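Enquirer: Last residue of the sequence shown: 1734 in the working numbering, with the numbers rising by one and none dropped. Ideal Cβ positions, reconstructed from N, Cα and C, are used throughout, including at glycine. This one's a predicted model, so the numbers in the text were calculated from it and none came from an experiment.
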Amino acid sequence: MVKVDGVDGVDGVEKRLIRGLRVLREDLWTLRAAPLPPSVWLRWLPHGLVCLVAFGVAVANADQFAQGYRLGPQFGLLCATAQGVAVALALWRPVPAWWLSTVVTVVVALGARQQMLGPGRIEPPWPWGPPGLVAQCLVLFLLALRLPTRVSAEVLAGTALITYGLEGVLGGASYTPTGALGVALFAGVVVLGTALRGRRVARHQLVEQAGITAEERARRTLLEERNRIARELHDVVAHHMSVISIQAQVAPHLVENPPRELRENLDGIRQNALEALAELRRVLGVLRSENPDDPYGLGATGGAAADAPQPTLDRLDALIENTRAAGLDVVSEVRGPAPMYPPGVQLSAYRIVQEALSNAMRHAPGARVRVELTHRPDGLCLEITNSRPARPAPRPTGAESRAQSGMGHGLLGMRERAAMLGGRVTAHPTLHGGFCVLAFLPRDGTARPTGPDADTEPPDGMELFFPDPPPTGDHTP
1258 MVKVDGVDGV DGVEKRLIRG LRVLREDLWT LRAAPLPPSV WLRWLPHGLV CLVAFGVAVA
1318 NADQFAQGYR LGPQFGLLCA TAQGVAVALA LWRPVPAWWL STVVTVVVAL GARQQMLGPG
1378 RIEPPWPWGP PGLVAQCLVL FLLALRLPTR VSAEVLAGTA LITYGLEGVL GGASYTPTGA
1438 LGVALFAGVV VLGTALRGRR VARHQLVEQA GITAEERARR TLLEERNRIA RELHDVVAHH
1498 MSVISIQAQV APHLVENPPR ELRENLDGIR QNALEALAEL RRVLGVLRSE NPDDPYGLGA
1558 TGGAAADAPQ PTLDRLDALI ENTRAAGLDV VSEVRGPAPM YPPGVQLSAY RIVQEALSNA
1618 MRHAPGARVR VELTHRPDGL CLEITNSRPA RPAPRPTGAE SRAQSGMGHG LLGMRERAAM
1678 LGGRVTAHPT LHGGFCVLAF LPRDGTARPT GPDADTEPPD GMELFFPDPP PTGDHTP
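Encoded structure:
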């Protein structure tokens, strides 16, 4: 017994050691850091940097104006502070900031010109000092980032004109000219800011256009699916109208000596039924498919001709046999006695099973599929579950992709069919890597009441949630 405990103890130490090594490998090699949250400090970091530059410009200009231009400490500090404020103001009001920085430069340049013409001549960089160049470049850059190109070009032209007026027209006795250098730097930062703004605007417009395109595609897909369902339901409605017309025509012959009023009413019913059939044919002509070989828009797997009857639950066995013949392992099970469902319910149930099998065949090759039909007192429950695919789904070629695009729209079509009858459809990946589609269709094809006293709980085994689509390569209807 002691020996066994010793062995167990050694095994426990080895397990803890292995677990510790795995944790260490994860911590030092495979663990990925979570992305930083959008912090307020990160959002305000550029503003802080600009304000820091503005403070540095003010300090450097105070020394330049007071010592280099000999404007006095009070006046120089005032002008330097004003230009520093202009740099910070450009973050919110770039045009007033440009005016303030330009006016300060003009005033300082005129004051320095008087000193250059005086008895103690100086030779400073003029009309733009080094701190002033930095301040004006930053103001113009922020302005080009915020405002349209037209405004940036106007501001750049105004700055160049003022520089030419100071250096080329007024001039001074002796100085180091900085006008050409300043205009070149200003043009460069304006071009850079304009390019960055154009790139940002183009990216924003591209995102908006992508969103609009996605919305339009979803709307078009929904309308196409509804048109496809309407084309199929045309046959169901036309069948009932034909029966009404025939019954109205035969009814007078079932009664001996029918009254004239009865004959007239029955003739009116038959005439109205025939007119309704004619209108239904016109509606079908409006909703007809562009592909004459596929009038109902069902794609290659639809197998429906324009004059073929719409499928019912009786044809599910043939559908499953055809799917098996295509190479998919399918088993089916029916629970409960089958009542008489309306044609719309049978058609929708058939199409849901057909679409689920088609998706399993395309996205889960080699998987095993189970189809369960449960006849309940209140309706029909469908469950189509496939196992993990045996191999990755092949990438469709261009022709195959175009062919598959006409084969319906997966879960969207299933949900539309179920919602039309007051039912619902859910779909989610299974724990074993497969996919499951659950559907419930009311027995009479009408929605149940949704008031506070109504029973809104789903049938047993159905979970009403719509998870995010699985990663690429998994079963995605």
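Can you tell me where the beta strand (DSSP E) holding V1587 begins and where it ends?
Expert: Here the beta strand (DSSP E) through V1587 covers 1586–1592.
Enquirer: Taking only the alpha-carbon atoms, compute the straight-line gap between D1701 and P1516 and give it to the nearest angstrom.
Expert: 36 Å
Enquirer: The alpha helix (DSSP H) that contains A1613, what's its start and end?
Expert: 1600–1620
Enquirer: Terminal residues of the continuous beta strand (DSSP E) containing V1626?
Expert: 1625–1633
Enquirer: Considering only the beta carbon of each residue, do Y1326 and P1388 sit closer than 7 Å?
Expert: no
Enquirer: Are at least three pairs of beta-carbons, each pair with one atom in the segment 1571–1589 and one in the segment 1604–1622, less than 8 Å apart?
Expert: yes
Enquirer: Count the CB pairs spanning the segment 1422–1434 and the segment 1355–1374 that are closer than 8 Å, and state whether there are at least three.
Expert: Yes, the segment 1422–1434 is in contact with the segment 1355–1374.
Enquirer: Is the separation between the beta-carbon of A1347 and that of L1399 shorter than 7 Å?
Expert: yes
Enquirer: Our contact map puts G1439 next to T1420 with C-beta atoms below 8 Å; I'd like the distance itself, whole angstroms only.
Expert: 6 Å
Enquirer: Mind checking which residues open and close the alpha helix (DSSP H) that includes F1692?
Expert: No alpha helix (DSSP H) contains F1692, which is instead part of the beta strand (DSSP E) from 1692–1699.
Enquirer: Taking only runs that begin and end inside the segment 1485–1522, name each unbroken beta strand (DSSP E) of 3 or more residues, in chain order.
Expert: none
Enquirer: Taking the alpha carbon of L1442 as the reference point, which residue from L1463, L1427, A1467, T1416 has its own alpha carbon closest?
Expert: T1416 is the residue among L1463, L1427, A1467, T1416 whose C-alpha sits nearest the C-alpha of L1442.
Enquirer: List the residues that DSSP assigns as beta-bridge partners of C1638.
Expert: T1631, F1697
Enquirer: Can you check DSSP and say which residues form a bridge with A1684?
Expert: The partner list for A1684 (beta bridge, DSSP) reads V1694.
Enquirer: Please give the ranges of any alpha helix (DSSP H) in the segment 1356–1429, keeping only runs that are unbroken, at least 4 residues long and fully inside the region.
Expert: 1387–1403, 1406–1421
Enquirer: Could you check the C-alpha separation between D1320 and T1362 for me, to the nearest Å?
Expert: 15 Å
Enquirer: Among the candidates L1413, F1697, G1436, I1275, whose CA atom is the shortest distance from the CA of E1673?
Expert: Checked all of L1413, F1697, G1436, I1275; the closest Cα to E1673 is F1697.
Enquirer: Contact between the segment 1459–1476 and the segment 1395–1415 is defined here as three or more beta-carbon pairs at a separation below 8 Å; is this criterion met?
Expert: no
Enquirer: Sort D1586, V1591, A1583 by Cα distance to L1573 and report the nearest one.
Expert: V1591
Enquirer: If I measure Cβ to Cβ from D1635 and keep anything under 7 Å in the same chain, skipping five residues before and after, which residues do I get?
Expert: P1699, R1700
Enquirer: Could you pull out every residue in the same chain whose Cβ sits closer than 7 Å to the Cβ of V1270, ignoring the five residues on either side in sequence?
Expert: For V1270, there are no CB contacts under 7 Å within the same chain when 5 residues up- and downstream are skipped.
Enquirer: Expressed to the nearest angstrom, what Euclidean distance is found between the alpha-carbon atoms of R1581 and M1498?
Expert: 37 Å
Enquirer: Which residues in the same chain as L1423 place their Cβ atom closer than 6 Å to its Cβ, once the five residues preceding and following it in sequence are excluded?
Expert: A1366, P1384
Enquirer: Mind checking who N1643 pairs with in its DSSP beta bridge?
Expert: V1626, F1692
Enquirer: On a CA-only basis, which of R1350, G1584, V1352, I1486 is nearest G1601? Give me that one, please.
Expert: I1486
Enquirer: So F1312 is in the alpha helix (DSSP H); what residue range does that whole segment cover?
Expert: From DSSP, the alpha helix (DSSP H) with F1312 extends over 1302–1320.
Enquirer: What does DSSP give as the partner residue(s) for T1435 in the beta ladder?
Expert: Partner(s): none; T1435 has no beta bridge.
Enquirer: Report the rounded CA-to-CA distance for L1302 versus C1308, giving the unit in angstroms.
Expert: 10 Å
Enquirer: Between the Cα of G1584 and those of V1626, V1352, P1405, D1571, spot the shortest distance and give me the residue it belongs to.
Expert: V1626
Enquirer: Using the Cα positions of P1622 and V1587, report the straight-line distance between them to the nearest angstrom.
Expert: So the alpha carbons of these two residues sit roughly 12 Å apart.
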